[in-house]
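Under the working numbering, the sequence shown has 1642 at position 341, and the numbering climbs by one with no breaks.
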Amino acid sequence: MTRCRVGVHARNAPLFEEVDYEVLRIAKIETLKMMSLNRDEVFRRAREINPKMEFIVRLYDERIGPGGHPTPQQFVERHIRRINELRPWVEKFEIHNEPNHATGLEGWGPTDEDARDFRDWYLEVLRRLRQLAPWAKFGFPGLAVYDVPHRDRAWLQICRPAIEASDWLGVHCYWQYDNMRHPEWGLRFRMYHEMYPNLPIEITEFGDSTPHVDPAHVAKEYREYYTLLQDYPYIRSASAFILSSPDPQWARFVWRRESGEILPIPYEVAKVPRVERPRIWKAEWVTVNVPDKIPIGIGSTASFVIRNAGTVIWPNTGPHRVRLGYHWYDAHGRPVAADKDLRTELPRPVAPGETVTVAPAPVVPPPWPGKYILVWDLVEEGRAWFGERGSPLVKVPVEVIVTEKSTRTFPETGKTVEQPFLSFFYRYGLDITGYPITDVIVENGMRTQYWQRVAMEEPEPGKVRLKLIGQEVLDLRQKVRELRERLQVGQEGQIPPPPIVNVIDELPRDPDKMIKRSLDDIRYVVFDHTATNFAVPLRVIAEKHKERWPGITYHYFIDFDGTIYQTEPLEDVVSRREDYLRGIRVAVAGNFSQGVPNEAQLDAAGHLTAWLLQRFHLDEEAVKGTSDFVLTESPGTNWRSGRRWRDMLLERVRRWLASVTSAESVDTRALEGILAQLQEELEQQTQTREHLLRELEAQQEVNQSLRDQLTQAHEQLGELQATLDRLRALLSELQETEKPAEDEAKPRRVPRPPIRDVVNILPRHPEKRYPTRSLQDITHLAIHHSAASPNIPVEAIARYHVEHNKWPGIGYHFYVGPDGTIYQTNRLTTVSNHVYMNNDYTVGICVAGNFQEALPTPAQLQATAHLVAWLSQLLNIPLEHVKGHREFPYNEDHTSCPGDEWLGGFRWHDMLLGRAKRILDGHLEPPPQPIYHYMLFWQHGEMWARQDWLNSINYVARYRPTMGFLPDEAAHAQKVTIVGGPFGVSPEVERRLREAGCIVRRIAGANEEETKAILDRLAEEGDPFISG
């Protein structure tokens, strides 16, 4: 919507009365400012009145008052459940209300100290809420107006970091007498916009507070006010205070009295014009030429002809010039970072109605090969992307490929990888190779490159051979180098600096906005944790920080492998807060409220800290965490309590400080002896790793043989299953011919199959809704496959349809999982998107999996046949009207769904309809037996238990358990083996499995090697858990 929505503040009670809904109808309300205490029924009834009704919910907390306020953690714990409950209706949430109120009524007050305290409280609340509800849009609350006595202008300045971190800005506008158009009263929102021009404004409260004012006069004022707000495109909505209230103190603002009398206000508000204005910023893409394949490390170019379909000139110079840019998304619609964010200048200013050719437009792909969606858009620099303002985007499917000329530079180490080493990395992955730690060098006449876990060499052009030397050996070499340095500089009594990779110039930063300080001001070494998965790249963290600060907030960053990166000059800081202005800030990758840094990180942090303490003449009391200065968890709850990783750090610092001796006490002979021992250990380690490589290569050959056997077994199983189905069909026909004629006359009823109804809990679009139909309109069933892993949960499918396709909800009516579980995902009366041009009369049934070269599981076939038979009976649909997606008109040339095996190969079309016919004839087979033994491995996003999976091969070869990553699938098994510790598959999942009736055990050694040893021993000696 391109204009200000007409809104009103909801009744301040959990439930509405019937007359309140009538007022909404009369006034044609488009936005309701709600409170979190309002019941679900109110949201539902309001949407019935206006299917496009928008809600903005204030997070109300009765614990906030003159006596104080809850901590950020307490506030979030109170509200996160309600936020998620409201997700079907609400996207925008207001964090609190009028915290600057001079009475202290809302937990703070008007002073600068109050503003600073609320700013920090708000930022922590916002951080926690975004982690738990990333889909929501959180707004900085409307402040109490005016400068006297509430000081809202001063608060706006002091709270700038919190406001700029928000998704939108709440504003309150009140006036008295004839001040509705006065810039300090009714138009006060203009001052807010001048201070924050890049944030959309939601006027969450406005009103005429003149004493004893005539409601008829107010009605005409409000009509005029709503109308004039249409001239301010940055105002998204305006909600008058208040629809109704049981509290007498608000009686002068209400639109209807408690007696039920409706005042003139809603009748006048109904007359406000609701005309959409032309979009100021809108692009029409006349010609688009984007390559469908882009090579890694090389990139490509695109070209466009674009028409200015908006109402203002697009400038091509200045800080707010318009440029062409792009974003990458994966197949599930999730944003993906590219190596570079390139933008293309416009060749000239473009007036409304004019077209411009933009070519060439360079584009750099993500660093991983695969299929992506490339989205092109225009951006008004420093302000907003056109797409955020409603302008159409260009979305192009692109395959990112690896070619002979492809290269990739890893920002984690700054090293560049060329072919053929790059292809080897993409084949085996980060878990096997680690990051590159040297450039390509020549050793023994061969191109060689060292990685954290392996070394690669090129014996012949285009071929890669592992040279088994990796991080362990390089660590020993590093120790040898350090020892030699001590022999040379030990007499000086100085701690040598640790190896530091300077990446300051490679990270996004604005040096002109940095706060400068003298190094003499440094008093602390302040530690943070990133509070993220340790594998999140440094550049991604820096880009996130740049959205709020001039640059990354750390001076040093310690990666999970112990590599130290310098990320900012020590003279530059991003804040005047004590821990920034006087601290050297060090971040360690990981979340240390759940664990502690690993040994490599602790060793690197100890060396760095000892060197900094000596350099700046500080003692160990100067070693602080951010939580020692402000209310935050960083650097984790295990910093000073729990596992106390501060003590682990100081232990290493003390060792470094103790190692610094005077010239008289340096025993060079002893050091030389240690050096010789290390060199001997280096040689032994190299020999050991070469032996392990030979074993690894042999094991890979065994694994390949087992995979070949497994593939052959699957093929044989498919052939046997198809033969069995044909024999069963023939047997059924023979049995039918032998039955007495009177049996044929008896009507048979197909029972309803077990169906799990998830219609009301799947993700849905906040505004869009599918149309409906009667059951009599349904004449066909459409069969689909998901064309993806069968283990992807139905919630992920629904989220992709909503967030990527922008559909009202999931496209299918039913979804059949690999274990035969049937999920109902839409009501039969819903006309959802699943068969182009044929949705009105079809029911969509999706069978999870990709059946281009495979078949559904027996459980899926049986469950789907039962569902088809039941729907055929329920809706009076003949089996001839059960078709695959591509069999419907207009779809033959656009999809292969439900896979090539549907009508070719094993023809699971015949298998499915044959089973459905037998069920209709009264031969309903019992459901497949439950899984006996399931091995459950962990998976978190893109990370998974790769090593545990490989280590279980001997156990799997003997016992043949079902293997997977889905707790819901494991819940169908009699016995479940969880592989790995509680940070993989959580104790909560283990508890749910036991409650589901599973017999559960966990196999977890102190590390992956111990876990493998346990599994191998059970494979060799027998497993009582299986036989017991």
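Ideal placement from N, C-alpha and C gives every residue a C-beta, glycine not left out. Note that the structure is predicted; figures quoted are calculated from it, not measured.
The region 1658-1678 / the region 1688-1699 touching (three or more Cβ pairs under 8 Å): yes
C-alpha distance - GLU2193 paired with ARG1388, whole-angstrom precision: Here residue 2193 is taken as the residue at index 892 of the sequence shown, counted from 1. Here residue 1388 is taken as the residue at index 87 of the sequence shown, counted from 1. Near 37 Å, if we compare the C-alpha coordinates of ARG1388 and GLU2193.
Can you say whether ILE1599 is buried or exposed, counting buried as having 16 or more other CB atoms within 10 angstroms of its CB? Mapped onto the sequence shown, residue 1599 falls at position 298. Exposed.
Quick check: does the Cβ of VAL1519 come within less than 7 Å of any heavy atom belonging to the ligand COA? The ligand COA is absent from the structure shown, which contains no ligand whatsoever.
Could you tell me whether the region 2098-2107 touches the region 2137-2146, using the rule of 3 or more Cβ pairs below 8 Å? no
Using the Cα positions of PRO1501 and CYS1474, report the straight-line distance between them to the nearest angstrom. In the sequence shown, counting from the first residue as 1, residue 1501 sits at position 200. In the sequence shown, counting from the first residue as 1, residue 1474 sits at position 173. Their Cα atoms are separated by approximately 16 Å.
Who are the Cβ neighbours of ASN1313 in its own chain at under 6 Å, not counting the five residues just before and after it? In the sequence shown, the residue the question calls residue 1313 occupies position 12. Cβ within range, chain order: SER1546.
Assuming VAL1924 is part of the beta strand (DSSP E), what are its boundary residues? Taking the first residue of the sequence shown as position 1, residue 1924 is located at position 623. VAL1924 -> beta strand (DSSP E) spans 1924-1926.
Using a Cβ-Cβ cut-off of 8 Å (strictly less than) and excluding sequence neighbours within five positions of ASP1448, which residues of its own chain qualify? Locating residue 1448 in the sequence shown gives position 147, counting from the first residue. Excluding positions up to five away in sequence, the list reads ARG1454, ALA1455.
Just to confirm the assignment: which complete beta strand (DSSP E) runs, minimum length 3, are found wholly within the region 1859-1895? 1865-1867, 1884-1889
Quick one: grab the DSSP three-state call for TYR2113. Position 812 of the sequence shown, counting from 1, holds the residue named residue 2113. Reduced to three states, the DSSP call for TYR2113 is coil.
Grouping DSSP H, G and I as helix and E and B as strand, with all else coil, what is GLN2248? As a first step, residue 2248 is located in the sequence shown; it is residue number 947 there, counting from the start. The answer is helix: DSSP assigns GLN2248 an H, G or I state.
When you compare only the Cα positions, how much space is there between GLY1248 and PHE1917? The requested residue 1248 does not occur in the structure, where the chain is confined to residues 1302 to 2329.
Using CA atoms only, rank isn't needed, just tell me which of ARG2219, VAL1570, ASN2127, LEU2156 is closest to LEU2167. The sequence position of residue 2167 within the sequence shown is 866, counting from 1. In the sequence under discussion, the amino acid at residue 2167 is His, which differs from the Leu named in the question. Residue ARG2219 is the option with its Cα nearest to HIS2167.
Mapping DSSP to helix, strand and coil, what is SER1601? Along the sequence shown, one-based indexing puts residue 1601 at 300. Here SER1601 sits in strand by DSSP.
Limits of the unbroken alpha helix (DSSP H) element including TRP1469: Taking the sequence shown and counting its residues from 1, the one referred to as residue 1469 is at position 168. That residue, TRP1469, is in no alpha helix (DSSP H); its beta strand (DSSP E) goes 1469-1476.
Buried versus exposed, by CB contacts within 10 Å (16 or more), ILE1555: Counted from its first residue, the sequence shown places residue 1555 at position 254. One point to set straight first is that residue 1555 is Val, not Ile, in the sequence displayed. So VAL1555 counts as buried.
Those residues which DSSP pairs with VAL1651 across a bridge: Here residue 1651 corresponds to residue number 350 of the sequence shown, with the count starting at 1. Paired residue(s): TRP1615.
By Cβ distance, which residues of its chain are closer than 7 Å to PRO1400, with the 5 residues on each side in sequence left out? Indexing the sequence shown from 1 puts residue 1400 at position 99. Only GLU1407, GLY1408, TRP1409, PHE1419, PRO1442 meet the Cβ criterion.
Looking at ALA1843 and THR1868, is the spacing between their C-beta atoms short of 8 Å? Counting from 1 along the sequence shown, the entry for residue 1868 is found at position 567. Counting from 1 along the sequence shown, the entry for residue 1843 is found at position 542. The answer is yes: Cβ separation under 8 Å.
Who are the near neighbours of TYR1478 in its chain, counting only those whose CB is closer than 6 Å to its CB and skipping five residues on each side? As a position in the sequence shown, residue 1478 is number 177, starting the count at 1. For TYR1478, where only same-chain residues beyond five positions count, the Cβ hits under 6 Å are THR1511.
Can you say whether ARG1953 is buried or exposed, counting buried as having 16 or more other CB atoms within 10 angstroms of its CB? Looking up residue 1953 in the sequence shown gives position 652. Result: buried.
If I measure Cβ to Cβ from ALA2314 and keep anything under 8 Å in the same chain, skipping five residues before and after, which residues do I get? Position 1013 of the sequence shown, counted from the start, is the residue given in the question as residue 2314. Cβ neighbours of ALA2314 beyond the five flanking positions: GLY2306.
Excluding sequence positions up to five away, which residues of its chain have a Cβ less than 6 Å from the Cβ of ALA1434? Residue 1434 sits at position 133 when you count from the first residue of the sequence shown. Only ILE1384 meet the Cβ criterion.
Mapping the DSSP letters down to three states, classify LEU1808 as helix, strand or coil. The residue you call residue 1808 lines up with position 507 of the sequence shown. DSSP places LEU1808 in coil when its eight states are reduced to three.
Where does SER1819 land, buried or exposed, given buried means 16+ other C-beta within 10 angstroms? Stepping through the sequence shown from its first residue, residue 1819 is reached at position 518. SER1819 is exposed by the Cβ-count criterion.
On the DSSP letters alone, give me the boundaries of the beta strand (DSSP E) that THR2278 sits inside. What you label residue 2278 is simply residue 977 of the sequence shown in a count that begins at 1. Residues 2276-2280.
Can you find at least 3 beta carbon pairs, one from the region 1549-1566 and one from the region 1335-1346, that sit closer than 8 Å? no
Does the region 1593-1611 touch the region 1348-1365, meaning 3 or more C-beta pairs lie closer than 8 Å? no
Does DSSP classify GLY1308 as helix, strand or coil? By 1-based counting over the sequence shown, the position of residue 1308 is 7. DSSP places GLY1308 in strand when its eight states are reduced to three.
State the DSSP-derived secondary structure class of GLN1915, mapped to helix, strand or coil. For the purposes of this step, residue 1915 is taken as the residue at position 614 of the sequence shown. If DSSP states are grouped into helix, strand and coil, GLN1915 belongs with the helices.
For LYS1659, which option in GLY1619, TRP1629, PHE1605, ARG1684 has the closest C-alpha, if you only look at C-alpha atoms? One-based indexing of the sequence shown puts residue 1659 at position 358. The residue you asked about is not Lys; residue 1659 is Val in the sequence shown. Ranking the options by Cα distance to VAL1659, first place goes to PHE1605.
Per DSSP, which residues does HIS2081 bridge with? Please list them. Here residue 2081 is taken as the residue at index 780 of the sequence shown, counted from 1. Answer is THR2143.
Quick check on GLY2185: buried or exposed, where buried means 16 or more other Cβ atoms within 10 Å of its Cβ? The residue labelled residue 2185 in the question sits at position 884 within the sequence shown. Buried, because 16 or more other Cβ atoms sit within 10 Å of the Cβ of GLY2185.
Please state whether DSSP places THR2312 in a helix, a strand or coil. Taking the first residue of the sequence shown as 1, we reach residue 2312 at position 1011. Residue state, collapsed to three classes: helix.
Does the Cβ of PRO1648 have 16 or more other Cβ atoms within 10 Å, making it buried, or fewer, making it exposed? By 1-based counting over the sequence shown, the position of residue 1648 is 347. Label assigned to PRO1648: exposed.
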